[in-house]
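Down below is the structure, laid out as structure tokens.
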Amino acid sequence: MLELNATPQADSDLIKDGTDASFGADVIEGSQTVPVIVDFWATWCGPCKTLGPALEAAVQKAKGRVKLVKIDVDANQVYAGQLRVQSIPTVYAFHQGQPVDGFQGALPPSQVDEFVQKIAALAGEPEDDGLTAAIEAANQMLDEGAAADAAETFAAILQEDPANAAAYAGLVRSYLALNEVDEAEAILNGAPVEISSDPLLEAVHAQITLAREAANAGPVAELQATVDAEPDNHQARFDLAKALYANGKVQEAVDELLDLFRRDREWNDGAAKAQLFTIFDARDAKDPIVMNGRRKLSSMIFA
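Numbering follows our numbering, with no gaps: position 80 of the sequence shown is 230.
Here it is in structure tokens:
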């Protein structure tokens, strides 16, 4: 009888059984170059029977942009204890030696694919051989403020490749730059199903959320005065973070949300953590603000 979570046909370089002894090499060191997902499981765990194969399939689909290490918690309790694994299955994702995301319990295969794609994106998006130059040119237009021209170029690319996630994301960002949020959201909602969970589209979805929040953001000065006078006014600090982000002060917004999380991580159903992830998802995974913010958040979660 096969062992639970066993994958006889899996690529041993992408998917392997780990131990406490190999955790440093497989996960901490290994994630310096390629993100590593760690699946904490046990032979008696029913949900592990469905989650394990779904993770393996999604990792293989990522074609080397993410790896999977499976840890049997009955035989290996050191790192499970350090990471406060209280129930299984529990999954953590590591990048550059740090935990950056995770979840508990079994998820539907579609959500597992979405999670793995998001983690794989930390290694960089794969090249689109046919239209890469056109996408780069359109992105440059957008960076230079020529949002209307960028939108036309992205739309032309989509005529050639209707399922091009980079072009869809670029078209959405173009309309956001033109302050046409409703049109941007309509374009995103019209994306083909096969790319709907692509990390690039998740990013612009987060950008739309933040754009709508920006439209209702309060005045920074008044909110800052309230927070200064009432440091434990969590709602005011949360609103201040949104207002700071709306005014382009991304680092300051992240700092306020981290402070809020430090003060009360459970406030408003974990709103500070959720807002941080929205900001992280909206920006490039290699943005220093995102990388430092994820590291600080992880250090507080696992302290």
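Even glycine gets a Cβ: it sits at the ideal position worked out from N, Cα and C.
Measure the CB-CB distance between residue i and residue j and report whether it falls below 7 Å.
| i | j | result |
| --- | --- | --- |
| Ala207 | Ile238 | no |
| Ala300 | Ala313 | no |
| Val400 | Ile439 | yes |
| Leu426 | Leu407 | yes |
| Val186 | Val219 | yes |
| Gly252 | Val241 | yes |
| Ala356 | Asp431 | yes |
| Phe265 | Ile221 | no |
| Leu281 | Phe304 | no |
| Ile269 | Ala297 | no |
| Ser448 | Gln248 | yes |
| Tyr318 | Ala336 | no |
| Lys217 | Leu257 | no |
| Asp170 | Asn226 | yes |
| Gly368 | Asp382 | no |
| Tyr325 | Ala334 | yes |
| Leu205 | Val262 | yes |
Would you mind sorting residue i into buried or exposed? The rule is 16 or more other CB atoms within 10 Å of its CB.
| i | result |
| --- | --- |
| Val188 | buried |
| Gly137 | No information on residue 137 is available, as it lies outside the stretch 151 to 453 that the chain covers here. |
| Gln236 | exposed |
| Gly168 | buried |
| Met450 | exposed |
| Asp419 | exposed |
| Arg234 | exposed |
| Lys436 | exposed |
| Thr455 | The structure shown does not extend to residue 455, since the chain is modelled only from 151 through 453, so no value can be given for it. |
| Ser181 | buried |
| Asp378 | exposed |
| Arg323 | buried |
| Phe452 | exposed |
| Ala175 | exposed |
| Arg413 | exposed |
| Lys213 | exposed |
| Asp434 | exposed |
| Lys211 | exposed |
| Val343 | exposed |
| Gly255 | exposed |
| Arg215 | buried |
| Gly196 | exposed |
Who does residue i pair with in a DSSP beta bridge?
| i | result |
| --- | --- |
| Gly252 | Tyr242 |
| Trp191 | Asp222 |
| Asp167 | Lys220 |
| Val186 | Lys217, Phe244 |
**Message:** Whether or not the region 305-312 and the region 326-334 are in contact is what I'm after, with contact meaning three or more pairs of Cβ atoms, one per stretch, closer than 8 Å; do they touch?
**Reply:** No, the region 326-334 does not touch the region 305-312.
**Asked** For the region 345-352 against the region 370-377, are there 3 or more C-beta pairs whose distance is under 8 Å?
**Response** Judged by pairs of C-beta atoms under 8 Å, the region 345-352 does not touch the region 370-377, as fewer than three such pairs exist.
Worksheet item: Mind pulling the alpha helix (DSSP H) runs of 4 or more residues that sit fully within the region 276-309?
Response: Taken in chain order, the complete alpha helix (DSSP H) segments of 4 residues or longer contained in the region 276-309 are 282-293.
Enumerate, from N- to C-terminal direction, the unbroken beta strand (DSSP E) stretches of 3 or more residues contained entirely within the region 348-381.
-> Correct list: empty.
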